[in-house]
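Just below is one structure, and these are the notes that go with it.
Numbering (the numbering used here), first residue to last: 42 to 148.
Dropping the structure here:
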């Protein structure tokens, strides 16, 4: 039986790859040879031309947020645009809650 595939991304190349999950192996981007970021199996990448979507994704990933399935309904809310990211960062600054929590809270 084969292993389930999960997503890895290269932010500079704006590329996403589905590969079997293996903690012992470091994944490299076939375009630029940089290390790929493991983002989880419930990840849906923005289109390559969507620069704003990839910038928003970069902030989300650098905040430590990943896209893993939960038992009942997927990864939950994640900001997809820069305006949603900015609103989450403002909310974190205003309330004092951690950035990752503020970014994953809708509204």
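The beta carbon of each residue, even a glycine, is placed where N, CA and C say it ideally should be.
Asked                                                                                       : Found
Helix, strand or coil at residue 110 [DSSP, three-state]                                    : coil
Where residue 92 falls, given that 16 or more other Cβ within 10 Å makes a residue buried   : exposed
Enclosing beta strand (DSSP E) for residue 141 [first to last residue]                      : No beta strand (DSSP E) contains residue 141, which is instead part of the alpha helix (DSSP H) from 140-144.
Whole-angstrom distance between residue 99 and residue 106, CA atom to CA atom              : 10 Å
N- and C-terminal bounds of the beta strand (DSSP E) containing residue 104                 : It is not in any beta strand (DSSP E) - residue 104 carries neither H nor E in the DSSP assignment.
Beta-carbon proximity list for residue 81, same chain, < 8 Å, skipping 5 on both sides      : 47, 48, 107, 108, 109, 110, 116
Same chain only: Cβ atoms within 6 Å of residue 77, ignoring 5 sequence neighbours per side : 49, 51, 68, 70
Beta-bridge partners of residue 50, as assigned by DSSP                                     : 57, 78
Range covered by the alpha helix (DSSP H) that runs through residue 125                     : 123-136
Residue 45 versus 102, 122, 61, 146, residue with shortest Cα-Cα distance                   : 61
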